[in-house]
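Colleague: Please find one structure pasted underneath; my questions will follow.
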Amino acid sequence: MEDGIKPNPILISSHRQETASLWLLRLITLMTVLPILAVVIYIMVKGAPSISWEFITAFPRNGMREGGIWPAIVGTLYLTLGTAVFSVPLGIAAGIYLAEYAPENRWTRLIRIAIINLAGIPSVVYGLFGLGVFVLFLKFGTSILASCLTLSIMTLPTIISTTEEALRQVPYSFRAVSRSLGATHWQTTWRIVLPQAMPGVLTGVILGLERAAGETAPILFTGVSFFLPQLPQSVFDATMALPYHIFVISTSVPGMSVQIQYGTVLVLLFFVLGMNLLASLVRVRARAKRQW
Amino acid sequence: MLPTWVSCLFRPPNENDCMIEQTPRERPINLLVKASGYSSILFVILILFFLLREGLPAVASADLSSLFGTIWYPIEGYYGIWPLLFGSIIVTITAILIAIPLGIGTSLYISEVAPVWIKNILKPIIEILAGLPSVVLGFIGIQVAAPLLREGLNLPTGLSGLTGAILLAFIATPTVVSISEDALNTVPASYRQAALALGATRWQTLWNITLPAAKSGVLTAVMLGIGRAIGETMAVMMVTGNAPVMPHGLDAIFLPIRTMTATIASEMGEVATGSPHYQVLFFIGIILFLFSLTINVVASWVSTRGLKRSERSLS
Amino acid sequence: MDKIVIEHLNLKYQDGTESLRDVNLTIAANAITVLFGPAGGGKSSLLRVLNRLNDRSDVAALTGKVLLNGQNILDPEVNPVELRRKVGIVFSRPVPLPLTIYENVAYGLRLMGENRKDRLDQAVEQALREAVLWDEVYDRLHDPAIAISGGQQQRLCLARVLALGPEVIMLDEPTSALDPVSTSKIESLMQELKQRFTIIWVPHNVQQAARMADYAAFFLQGELVEFAAEKRLFVFPKDKRTEDYVEGKFG
Ligand SMILES: Nc1ncnc2c1ncn2[C@@H]1O[C@H](COP(=O)(O)OP(=O)(O)O)[C@@H](O)[C@H]1O
Ligand SMILES: [Mg+2]
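Below, the structure is given as structure tokens:
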């Protein structure tokens, strides 16, 4: 080493600290992310062999140990679509109210507090609520209807918040221009703002329904059944559903084939990740097409 | 100052432009939109009302000393909720102790260190985790995590509080990551540039400047993570071993336990409507509701970020 | 003929800004009235009063009278939606709605419930011709409006207003974002349109004010300092403040 130029010990130690700390962050991130990927891939590998035409389209046989999961798939579809029927219009309308109509006052703040609370209520408490109101008080019985209504209220906060956010991103100038051309408030919202916010709204809807499709606790005592020999005939019938089916076959059926379990999980995962992917696609496409 | 919800009771919502600039035909639409906006308040009230209606009678029918006893054995009429409360608390605390470093570390990495392309990979993965149904995680817990932990730690059973806590940590992590990342992103770039210009390393900047500046948001993230963990049902129910017993020491986390949520989920299906057992389960629901209410209200106080008005200048 | 008569107009915003103070002004039909002065003078606020475009929630107090054809438009009985069809506005930044060129122009008519294609076609063509834009866009009416140039977009905004069949056209610094060629196109266009409309023009500099004015009003911090016909304000200003501003001593 040339004389006179000595490495600064403080700089060196801070350099070491820097390197070590940044690696620590990378390590932590890997610890979060790798298990997720591992789980998803593991389920795909273990579940793939049991996926067959029969598995998808047949009824379970021999106490779930053989056959397919058709009624559970159909049930989850029913539940998801039924939830959408209630929560999508209500959630979008509420999002519109918050973004486009609500004055900045105490009432609006109260609404926001309510939404934050709805978002935080444990899913099993929604289940209790659904049981108390829809199943018992309104006498819908253990039914698709009761489950859908319960899931709807649970998904509402997601849909409302994403709708509001998507609407707020639409430039204010469009609203002013539309108003100046003689549009009423609703006309501006319906013809200009909402169409521009639609991709964001759709993303929120999909994410909300994704949650509804995968939830078990809210439907546990409101609408699902362990096994049904036929598909539900009306909204007042109980139904089978994938998440509940998974719960049952992985905890309460002795001698259950592990492969069928993984297969069922894979089908649910396919549902949920498919919706996730769809939401991302909507977002990416919209960003590319956006005019502002 | 009265709290918001009290003062609201005395002031009716006022009408503004939107309800005036309307054609007669739009009046019902606008009213419908407004009603939808207010519906959330109605739902919260309804939920609280029905929980109270079904759950409060428990105080009378199961009497208080039994309710706050230490034995949960409904068949014999013992409705002590302490074991369940402790079960929830132990599992949640352990879970959040794991989720804090994972969640905050990951959010720091994503927002402060990672290059854009890595960010674009990481974020969807975190979203996948957020979207995984808890029953799927519970299933993996039974099939993979429990056997691993039993072998690894040489426990009598893998279905324990610890297994539940680990799953919960992963369930809470996406919440922590996304909220704390948002908070970090709102720290002005000038703070970082100033620190870096003064010769601070990236880590020093991040640890001494950025993280403290975002601390209220990060705190919110942790609180909502706790809320997420304490309310989680299926995953914990499937892997904690379902033993509603009073913990005797710190090693309770390695033994089977039972949370409040799991108790509701596993017993509600078998009780007679209106029975004391039924009422007590709703009473536990009230406790959970109040927990989440408190956490969320406090969290939203901690993070009163002003809503920024979008650009409004046309002239 | 007096188209608009403004009497003792005061406007105070929620944050306490008094952006108009006792403004008295008469605006003549078939002429260009120029409102000029430094930023923050209240010109835009006044335009927003004239078609009730201020957000109700922003306004703390609005007093005085604004008579359009003798009727007080500040009267709560007046429907702001209908008022805005009579009093159109073009903003400083061209803002095409996220629709096609055709739909931008047809927008106001569709709002009024006009959906017959032949009527719309005809109205769109006429408005675009009046705004001297037809020849440039007739073959791509169904392209997104964002695709045309800034100058064209601003004329599209004008066509959008013209399609409504307004009586008054207000332009708030309409050329501030445009190049000189587009600017002079719009200026000469308005000189023609004044035969048929009442025009209120907020210019973005004194030269343009002097070029365009049939009447000129000088605004300073919410006050109407001076008002005069023709170009007198630019040649023989009476008020010292007007003189200083016109001579470029501040601004
Ligand atoms: N919506 C508003 N809320 C509060 N103050 C405003 C608002 N709009 C304008 N102002 C204020 O009113 C004054 C006049 O503004 P403006 O009418 O835009 O003047 P000009 O167009 O002459 O520049 C300014 O001080 C401005 O800050
Ligand atoms: Mg202005």
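Protein chains in written order, with the numbering used here: chain A, 1 to 292; chain B, 1001 to 1315; chain C, 2001 to 2251. Glycine is no exception: its CB is placed at the ideal position from the N, C-alpha and C atoms.
Does ligand 1 have a heavy atom nearer than 7 Å to the CB of Tyr244 of chain A?
Modeller: Looking up residue 244 of chain A in the first sequence gives position 244. Checking the Cβ of Tyr244 of chain A against ligand 1 gives no.
Colleague: Are the beta-carbon atoms of Leu242 of chain A and Val267 of chain A separated by less than 8 Å?
Modeller: Translated into the one-based positions of the first sequence, residue 242 of chain A becomes position 242. Translated into the one-based positions of the first sequence, residue 267 of chain A becomes position 267. Against a cut-off of 8 Å, the Cβ pair of Val267 of chain A and Leu242 of chain A comes out as a contact.
Colleague: Check distances from the C-beta atoms of the segment 99 to 119 of chain A to those of chain C and list, in chain order, the residues that come in under 7 Å.
Modeller: Pro103
Colleague: Kindly say whether Trp1072 of chain B, judged by its beta-carbon, lies nearer than 8 Å to any beta-carbon of chain A.
Modeller: Taking the second sequence and counting its residues from 1, the one referred to as residue 1072 of chain B is at position 72. Not one chain A Cβ lies under 8 Å of Trp1072 of chain B.
Colleague: May I have all residues whose beta carbon comes closer than 5 Å to any heavy atom of ligand 1, sorted in chain order?
Modeller: Going by the Cβ distance cut-off, the answer is C:Tyr2013, C:Asp2015, C:Thr2017, C:Ser2019, C:Ala2039, C:Gly2040, C:Gly2041, C:Gly2042, C:Lys2043, C:Ser2044, C:Ser2045 and C:Asp2058.
Colleague: Excluding sequence positions up to five away, which residues of its chain have a Cβ less than 8 Å from the Cβ of Leu2109 of chain C?
Modeller: The residue you call residue 2109 of chain C lines up with position 109 of the third sequence. Arg2119, Leu2120, Ala2123, Ala2163 and Leu2164.
Colleague: Between the C-alpha atoms of Thr2100 of chain C and Gln2153 of chain C, what's the straight-line distance to the nearest angstrom?
Modeller: Counted from its first residue, the third sequence places residue 2100 of chain C at position 100. Counted from its first residue, the third sequence places residue 2153 of chain C at position 153. Those two C-alpha atoms are separated by around 12 Å.
Colleague: Check the DSSP bridge columns for Phe236 of chain A and list the partner residues they point to.
Modeller: Counting from 1 along the first sequence, the entry for residue 236 of chain A is found at position 236. Paired residue(s): none; Phe236 of chain A is not in a bridge.
Colleague: Pick from C:Ile2004, C:Pro2203, C:Asp2055 and C:Met2170: whose alpha carbon is nearest that of Ser2184 of chain C?
Modeller: Counting from 1 along the third sequence, the entry for residue 2184 of chain C is found at position 184. Out of C:Ile2004, C:Pro2203, C:Asp2055 and C:Met2170, C:Pro2203 has the C-alpha closest to the C-alpha of Ser2184 of chain C.
Colleague: What separation, rounded to the nearest whole angstrom, lies between the Cα atoms of Gly1055 of chain B and Pro1083 of chain B?
Modeller: Residue mapping note: residue 1055 of chain B aligns to position 55 of the second sequence, counting from 1. Residue mapping note: residue 1083 of chain B aligns to position 83 of the second sequence, counting from 1. Going by the C-alpha atoms only, they are around 19 Å apart.
Colleague: Quick test of your reading: Ser178 of chain A and Ile192 of chain A, contact by CB under 8 Å. State the CB separation rounded to the nearest angstrom.
Modeller: Counted from its first residue, the first sequence places residue 178 of chain A at position 178. Counted from its first residue, the first sequence places residue 192 of chain A at position 192. Sure, about 5 Å apart at Cβ, within 8 Å.
Colleague: Listing by chain order, which chain F residues have their CB less than 9 Å from the CB of Ala166 of chain A?
Modeller: The structure shown contains no chain F; its protein chains are A, B and C.
Colleague: Find the residues of chain C that neighbour Ala183 of chain A, judging by a C-beta separation of less than 9 Å, and give them in chain order.
Modeller: The count along the first sequence starts at 1 and reaches residue 183 of chain A at position 183. Simply Val2081, Arg2084, Tyr2107, Gly2108 and Leu2111.
Colleague: Kindly indicate the opening and closing residues of the alpha helix (DSSP H) around Tyr2102 of chain C.
Modeller: As a first step, residue 2102 of chain C is located in the third sequence; it is residue number 102 there, counting from the start. Here the alpha helix (DSSP H) through Tyr2102 of chain C covers Ile2101 to Leu2111.
Colleague: When you compare the CB positions of Leu2011 of chain C and Val2059 of chain C, do they come within less than 8 Å of one another, or not?
Modeller: On the third sequence, residue 2011 of chain C is found 11 positions in, with the first residue counted as 1. On the third sequence, residue 2059 of chain C is found 59 positions in, with the first residue counted as 1. Against a cut-off of 8 Å, the Cβ pair of Val2059 of chain C and Leu2011 of chain C comes out as a contact.
Colleague: Can you tell me whether Asp2239 of chain C is helix, strand or coil according to DSSP?
Modeller: Taking the third sequence and counting its residues from 1, the one referred to as residue 2239 of chain C is at position 239. Coil at Asp2239 of chain C, not helix or strand.
Colleague: Compute the distance between the beta-carbons of Thr1261 of chain B and Gly1161 of chain B, then report whether it is under 8 Å.
Modeller: Here the question's residue 1261 of chain B lines up with position 261 in the second sequence. Here the question's residue 1161 of chain B lines up with position 161 in the second sequence. Cβ distance not < 8 Å, so Thr1261 of chain B and Gly1161 of chain B don't count as in contact.
Colleague: Since Arg211 of chain A contacts Thr158 of chain A with CB under 8 Å, what's their CB separation in whole angstroms?
Modeller: To locate residue 211 of chain A, count along the first sequence from 1; it is residue 211. To locate residue 158 of chain A, count along the first sequence from 1; it is residue 158. At roughly 7 Å, the Cβ-Cβ gap stays under 8 Å, so Arg211 of chain A and Thr158 of chain A are in contact.
Colleague: Quick one: any contact between the segment 236 to 254 of chain A and the segment 62 to 80 of chain A, if contact means 3 or more CB pairs under 8 Å?
Modeller: With a cut-off of 8 Å, the segment 62 to 80 of chain A and the segment 236 to 254 of chain A count as touching, because enough Cβ pairs lie within range.
Colleague: Mind listing the chain A neighbours of Ser2057 of chain C? Cutoff is C-beta to C-beta under 8 Å, in chain order.
Modeller: Residue 2057 of chain C sits at position 57 when you count from the first residue of the third sequence. Chain A residues near Ser2057 of chain C: Pro103 and Glu104.
Colleague: For the alpha helix (DSSP H) that contains Asp2015 of chain C, what are its first and last residues?
Modeller: As a working note, residue 2015 of chain C is residue 15 in the third sequence. Counted as a single uninterrupted DSSP element, the stretch harbouring Asp2015 of chain C is not any alpha helix (DSSP H), since DSSP gives it neither H nor E.
Colleague: Among C:Ile2200, C:Lys2240, C:Ala2216 and C:Thr2242, which has the Cα closest to the Cα of Ser2044 of chain C?
Modeller: Translated into the one-based positions of the third sequence, residue 2044 of chain C becomes position 44. Among C:Ile2200, C:Lys2240, C:Ala2216 and C:Thr2242, the Cα nearest to that of Ser2044 of chain C is on C:Ile2200.
Colleague: For Tyr2138 of chain C, count neighbouring C-beta atoms within 10 Å of its own C-beta (all shown protein chains included) and say buried if the count is 16 or more, exposed if not.
Modeller: Along the third sequence, read from residue 1 onward, the residue named residue 2138 of chain C stands at position 138. Answer is exposed; the Cβ neighbour count stays below 16.
Colleague: I need the boundaries of the beta strand (DSSP E) containing Phe2218 of chain C, first residue and last residue.
Modeller: If you number the third sequence from 1, residue 2218 of chain C lands on position 218. Looking at the DSSP string, the run of the beta strand (DSSP E) that includes Phe2218 of chain C is Tyr2215 to Leu2220.
Colleague: What are the start and end residues of the beta strand (DSSP E) that includes Lys2065 of chain C?
Modeller: As a first step, residue 2065 of chain C must be located in the third sequence, where it is residue number 65. Taken as a continuous stretch (DSSP letters only), the beta strand (DSSP E) holding Lys2065 of chain C covers Val2059 to Leu2068.
Colleague: Please tell me whether Ile1128 of chain B and Ile206 of chain A are closer than 8 Å, where the distance is taken between their beta carbons.
Modeller: Position 128 of the second sequence holds residue 1128 of chain B. Position 206 of the first sequence holds residue 206 of chain A. Not in contact: Ile1128 of chain B and Ile206 of chain A (Cβ atoms no closer than 8 Å).
Colleague: Just to confirm, are Ile2004 of chain C and Val2168 of chain C a CB contact at a threshold of 8 Å?
Modeller: Here residue 2004 of chain C refers to the residue found at position 4 when the third sequence is read from its first residue. Here residue 2168 of chain C refers to the residue found at position 168 when the third sequence is read from its first residue. Cβ distance < 8 Å, so Ile2004 of chain C and Val2168 of chain C count as in contact.
Colleague: For ligand 2, I want to know if Asp2172 of chain C counts as a neighbour, meaning its beta carbon is within less than 7 Å of at least one of the ligand's heavy atoms.
Modeller: Translated into positions along the third sequence, residue 2172 of chain C becomes position 172. Yes, the beta carbon of Asp2172 of chain C sits closer than 7 Å to at least one heavy atom of ligand 2.
Colleague: Could you check how far apart the C-beta atoms of Pro89 of chain A and Phe227 of chain A are, in whole angstroms? I think they sit under 8 Å.
Modeller: For this step, residue 89 of chain A is matched to residue 89 along the first sequence. For this step, residue 227 of chain A is matched to residue 227 along the first sequence. Rounded, the Cβ-Cβ distance is 34 Å, inconsistent with contact.
Colleague: Sort A:Asp237, A:Phe221, A:Ala114 and A:Ala183 by Cα distance to Ser1300 of chain B and report the nearest one.
Modeller: Residue mapping note: residue 1300 of chain B aligns to position 300 of the second sequence, counting from 1. Cα-wise, what sits closest to Ser1300 of chain B is A:Ala114.
Colleague: Could you check what DSSP says for Glu988 of chain B in three-state terms: helix, strand or coil?
Modeller: Residue 988 of chain B is absent from the model: chain B starts at 1001 and stops at 1315.
Colleague: Evaluate contact between the segment 1189 to 1196 of chain B and the segment 1207 to 1216 of chain B, counting only Cβ atoms and requiring at least three cross-stretch pairs below 8 Å.
Modeller: yes
Colleague: Taking Cβ to Cβ, would you say Ile2271 of chain C is nearer than 8 Å to Leu2053 of chain C?
Modeller: No statement about residue 2271 of chain C is possible, as the shown extent of chain C runs from 2001 to 2251 and does not include it.
Colleague: Is there a Cβ from chain A that is less than 8 Å from the Cβ of Ile2004 of chain C?
Modeller: Counting from 1 along the third sequence, the entry for residue 2004 of chain C is found at position 4. No, its Cβ sits nowhere closer than 8 Å to a Cβ of chain A.
Colleague: For Ile2006 of chain C, write down the residues that DSSP places opposite it in a beta bridge.
Modeller: Taking the third sequence and counting its residues from 1, one reaches residue 2006 of chain C at position 6. According to DSSP, which records beta bridges pairwise, Ile2006 of chain C is partnered with C:Leu2025 and C:Val2066.
Colleague: For a quick check, are the C-beta atoms of Ile121 of chain A and Tyr1109 of chain B less than 8 Å apart?
Modeller: Taking the first sequence and counting its residues from 1, the one referred to as residue 121 of chain A is at position 121. Taking the second sequence and counting its residues from 1, the one referred to as residue 1109 of chain B is at position 109. Not a contact, by the Cβ cut-off of 8 Å.
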